Each structure stands twice: as C-alpha cells, then as structure tokens.
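These notes are about the structure you will find just below.
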Amino acid sequence: MLRFELKNALSGVAPNEIASFTPFPKEDTYTPEYATDSNNIYQVGLNELKQDRVAALVMAGGMGSRLKYPHPKGTFPISVLGTMTPIFVIQAMRILALERLSGGTVPFYVMCSADNILETREFFETGAHGKYQPFFGLEPTQVVFFTQGEVPCFDLDYQPLKSGPDSLVTAADGNGGLYSALFNGPNGPGTSTAWLDIERRGVRYIHVFTVDNPLTRICDPELVGQFVTQRYDVALKAVPKRSPEEKTGVICRNGTRTVVAEYTELPQDLREATDDDGKLLFSCGNIANHMFTVEFIKRAALGRLPWHVAKKAIPYYDEATGKTVRPDAPNGYKLEMFIFDGLTYADRVGVFLAAREHEFAPVKNADGEDSPASAEALIRAELAFIGAKDFGGQVDQTQVGLGMQ
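Every letter in the sequence shown is one number past the one before it in our numbering, and letter 370, counting from 1, is 1037.
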C-alpha cells in the first residue's frame, strides 16, 4: 500500500500544482496592533482558559542533529536571563505563568517519536536529571506523552530498506501524523491515551506548536479569544514575510480552500506582488503554530492526508555483507505527511498575524540564522521590551499578551 502511495506521489500531481492562488482574505486576518477590541478578545481567551477548555500540544519528535546535539530537541538549553534553560523548561514555565494568570489548568500533550520518547519522558520525570522539580513544576497528571507514527523507508527501486536481517528502516511520519497519533489508539479511533484524557477533561481547543521556537506564546489568550469569538475550526499564527525570496510557506487560498503554498509552488509574479502600499500580497509566513478545535482534529484523523516524498541518504543493512551502510548520496525515499494538509477538513480558518520579533525565534541550526545565538538575541530583546525581571515577573499584558513570563 505504501509502495503504491510512494509511486503515486512521485509520478502524480503535487497537492497544489494545479492551483489558483489568491491572498488570504483580510477579513479573516487578525493583526493585534491594529485591533480595536484586543482587550475584550484577550478577556474572552482568559475566560476559556479559566474554564479549563484549552490545552497545549508540542510537536517534539525531533532530535537535535542539526544543532550537533544528540538528544531530543526539546531538551536543548539556550541562554535566558543568563541561565542555560532547556526549551521544555521554558514551555513549562510559560504554562505555569498562564495558569497563575487565568486560574485554570492547561493540560500539556507532548508528541514524541519512537526515537526520543523514552529520553523525553525521563527528562520530565527527573526534572532534567535533578536540576529542576519533576515535570518542571507542572502536575505529572497534566503532562501526557504520545508517539507519532512510523513508516518504512524505500530504496530508489521502491523496495523497503532493511535495518537488519529481519527488520525495516522506518522514519517518523511527519507532523501531519499528529492527527492520527492523537486520536487513534490500540482499540481503534478515539481510544488513544491522550484522546481519552482530552475527552475526560472536556478540552475544546488545542494550541499545537513546534518545539524549536522558544518565543511561542503558548495558549496566547488573545489568539484563543479571537479563535473562539470567530468560531474558527483552525487558526494559524503567521509572521509577515521579510522578502519575496524568503523560503517559507505562505498561508493563502487555492480556490475556496485555505492552503500553505510552499516557496517552490508560488510563482515568482505572485511572490513579488504588492498592494498599493507596497506590502506583499502573499505575506502570511507559516510558522507551524496552530489553534484547533477538538472536533476538527477528529475529522482530520478520520480523513486522509497526502504523502510527501523526500529523497534522502538513508543508512541501511546490506544483506550481502551483513553490515550497515551509511551512504553519502541520496539512496532512497522517506514519506511524510504535513500538518497543514489537514486544512482541507476545516470549514472556517483564520490567520493571526503576529510580530516576528516578538513571537518567532526558531532554533534549527548550530550556527548562523535560526541558531541558538540568534534565538537568544531575540529573547533578550523581547525581555527588554516587556520589562520582565524573570519568568514569574510582571509583564504588560495589554502590550504583548503573555510575553515571556
């Protein structure tokens, strides 16, 4: 079945190849700095949090390979206020501050991969091996771990690659595997431990974000408030693109559907198109920061997402020599699903256009752009902007939502 999907993905039409792209509608784009009712929206979000209807979910299946760090990416420490602080700890502190502010409880769902779930769980349970309280001050029962799916890898002739005499090479199924991993369990749809916990708590909305952005405002009350007020199925936080050539996906429309058009999918004339003020028309840069209703996640989990193919250099077991081969050049294919392809199951979608300098500090590379050094500089600037003395300090809630607590 997967081999058929692979051949189909390689020979067929890409999801957005036959496209009629138009900018995302302004009426469904919320920009806090221009909003006239942001305080009311913020209070709506706080009330939802107070009622325990909002949960946080971090996609944390990756290892820190590109950071030259052989551990789960969420355990990677960056400098905050002069202290090397793991990203997971920053996220836990944000949740604790949010709970103090709202008076509610925010469940924290941690999506891991088969490669890192044991180490991730141990990191939480031991408080980073004794450096912090267990679960970093969160209640153990409010942190739920679950694992995304794995799929076989194939060679260039579409045959499964082996990792040993009787085993196959597998890889995580991409962030689009979130829907199925969160919903499906050993006894069928809707039976995963995480999903049963969601139902037991009465959670209605889930903020889903990547592990590698320490400036993510987890369950930002203004985002929650706008999402609930407008009755969206999905809201996507985005940042304005810096230039037409910035290689990031753009949230836009393809016909009547909301899509994320990858850089290579958007024609140059559309990438460079501007309005009367000289601003890019296709400007909503995707940062993989989402608010979902629980019902939407269920629909997406019961639906079907397309597979995307990446040609990679994949270590494999050579049956002739009985040894593992580590090729330098691409020798096979990895399959993955993208979370934004689930948008096809959303009826109402909104975009929350955030300020890049306040909410986007990706930690992806060891050096240069999107590195720990660049993220730390952005965090210092953010702390200076909101005047926070420490993670539990006073911040100007009207300016920046939760800011950096």
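All residues carry an ideal CB built from backbone N, CA and C; glycine is no exception.
Quick caveat: nothing in here was measured; it's all calculated off a predicted structure.
Short CB-CB distance (under 7 Å) between residue i and chain D
i: Asn783; result: Among the chains in the structure shown there is no chain D, since it carries only a single protein chain.
Length of the line joining the Cα atoms of residue i and residue j
i: Gly712; j: Gln826; result: 50 Å
i: Gln1061; j: Met760; result: At Gln1061 the pLDDT is 44, less than 50, meaning the model places this residue with poor confidence and gives no usable figure here.
i: His957; j: Phe691; result: 16 Å
i: His738; j: Ala940; result: 42 Å
i: Leu673; j: Ala848; result: 21 Å
i: Pro888; j: Asp944; result: 31 Å
i: Gly728; j: Tyr776; result: 12 Å
i: Glu786; j: Lys740; result: 11 Å
i: Phe1052; j: Glu1043; result: 14 Å
i: Ile1046; j: Arg884; result: 12 Å
i: Asp942; j: Glu1024; result: 23 Å
i: Thr696; j: Asn854; result: 40 Å
i: Gly1068; j: Gln758; result: Summary for Gly1068: the model assigns pLDDT 31, below 50, so the residue's position carries little reliability; its value from the coordinates is reported in the next sentence. About 15 Å.
i: Ala781; j: Tyr709; result: 38 Å
i: Leu933; j: Thr988; result: 46 Å
i: Glu1036; j: Lys693; result: 30 Å
i: Phe821; j: Ala838; result: 11 Å
i: Arg788; j: Gln935; result: 45 Å
i: Ala722; j: Ala861; result: 11 Å
i: Arg868; j: Arg720; result: 8 Å
i: Val756; j: Asp824; result: 44 Å
i: Arg909; j: Ala980; result: 32 Å
i: Tyr736; j: Thr698; result: 36 Å
i: Gly731; j: Ala1048; result: 25 Å
i: Asp879; j: Ala1028; result: 8 Å
i: Asn707; j: Thr931; result: 40 Å
i: Glu913; j: Val836; result: 34 Å
i: Gln1064; j: Arg767; result: Residue confidence for Gln1064 is low, a pLDDT of 36 falling below 50, so the modelled location carries little weight; the figure read from the coordinates is stated next. Computed Cα separation, rounded: 13 Å.
i: Gly797; j: Asn998; result: 42 Å
i: Tyr984; j: Leu828; result: 8 Å
Residue j beta carbon less than 7 Å from that of residue i
i: Phe688; j: Leu947; result: no
i: Ala968; j: Phe850; result: yes
i: Gly1026; j: Leu882; result: Looking at the sequence shown, residue 1026 is not Gly but Glu. Yes.
i: Val901; j: Phe963; result: yes
i: Gly952; j: Thr925; result: no
i: Gln960; j: Tyr872; result: The amino acid occupying residue 960 in the given sequence is Thr; Gln does not appear at that position. Contact: yes.
i: Gly804; j: Gln897; result: no
i: Tyr1000; j: Val976; result: yes
i: Thr814; j: Ile784; result: yes
i: Leu765; j: Cys886; result: yes
Nearest candidate by alpha-carbon position, reference residue i, set the options
i: Ile918; options: Pro911, Leu1010, Val927, Glu912; result: Val927
i: Asn921; options: Asp864, Tyr736, Asp1008; result: Asp1008
i: Ser830; options: Lys693, Pro819, Leu805; result: Pro819
i: Ala996; options: Ala1013, Tyr984, Lys978, Tyr930; result: Lys978
i: Thr750; options: Asp879, Thr931, Tyr799, Ala723; result: Tyr799
i: Leu1020; options: Thr923, Lys904, Arg924, Pro1039; result: Lys904
i: Thr806; options: Ala795, Tyr984, Ile762; result: At residue 806 the sequence reads Glu, which differs from the Thr that was named. Considering only alpha carbons, the answer is Ile762.
i: Ser705; options: Asp900, Pro1039, Phe894, Gly916; result: Phe894
i: Val811; options: Glu817, Val725, Pro1029, Val976; result: Val725
i: Leu1050; options: Val721, Leu748, Ala722, Ile708; result: Leu748
i: Gly843; options: Arg909, Arg898, Glu817, Asp782; result: Glu817
i: Gly841; options: Asn707, Thr877, Gly797; result: Thr877
i: Glu986; options: Arg1015, Asn998, Asp833, Ala980; result: Asp833
i: Asp1014; options: Ile865, Thr923, Ala702, Asn880; result: Thr923
i: Glu700; options: Val906, Thr1011, Tyr1012, Asp1034; result: Val906
i: Ile754; options: Arg767, Phe790, Arg720; result: Phe790
i: Ala702; options: Leu828, Thr931, Asp879, Gly892; result: Gly892
i: Val875; options: Met778, Gly852, Leu835, Glu792; result: Met778
i: Glu792; options: Arg767, Thr742, Val836, Leu835; result: Thr742
i: Tyr899; options: Val836, Tyr1012, Asn707, Ala1022; result: Tyr1012
Other residues of its chain near residue i: CB distance less than 7 Å, five sequence neighbours each side excluded
i: Pro1087; result: An answer regarding residue 1087 cannot be provided, because it is not within the stretch 668 to 1072 covered by the chain.
i: Lys965; result: Phe850
i: Thr752; result: Pro744, Ile745
i: Glu929; result: Gly916
Cβ-based neighbour list, residue i, same chain, cut-off 8 Å, excluding 5 preceding and 5 following
i: Val680; result: The predicted model places Val680 with a pLDDT of 47, which falls under 50 and marks its position as unreliable, so this point remains unresolved.
i: Pro856; result: Phe850, Ala968, Leu969
i: Thr858; result: Asn851, Gly852
i: Val870; result: Asp719, Arg720, Val721, Ala722, Pro774, Val961
Contacting residues, own chain, Cβ-Cβ under 6 Å from residue i (five flanking each side not counted)
i: Gly794; result: Gln800, Pro801
i: Asn1032; result: Arg733, Ser1038
i: Asp864; result: Val811
i: Ala1040; result: none
i: Pro911; result: Arg938, Glu939
i: Ala1022; result: none
Three or more beta-carbon pairs under 8 Å between the stretch 757–771 and the stretch 715–726, yes or no?
yes
Any 3 or more C-beta pairs closer than 8 Å across the stretch 999–1013 and the stretch 963–976
yes
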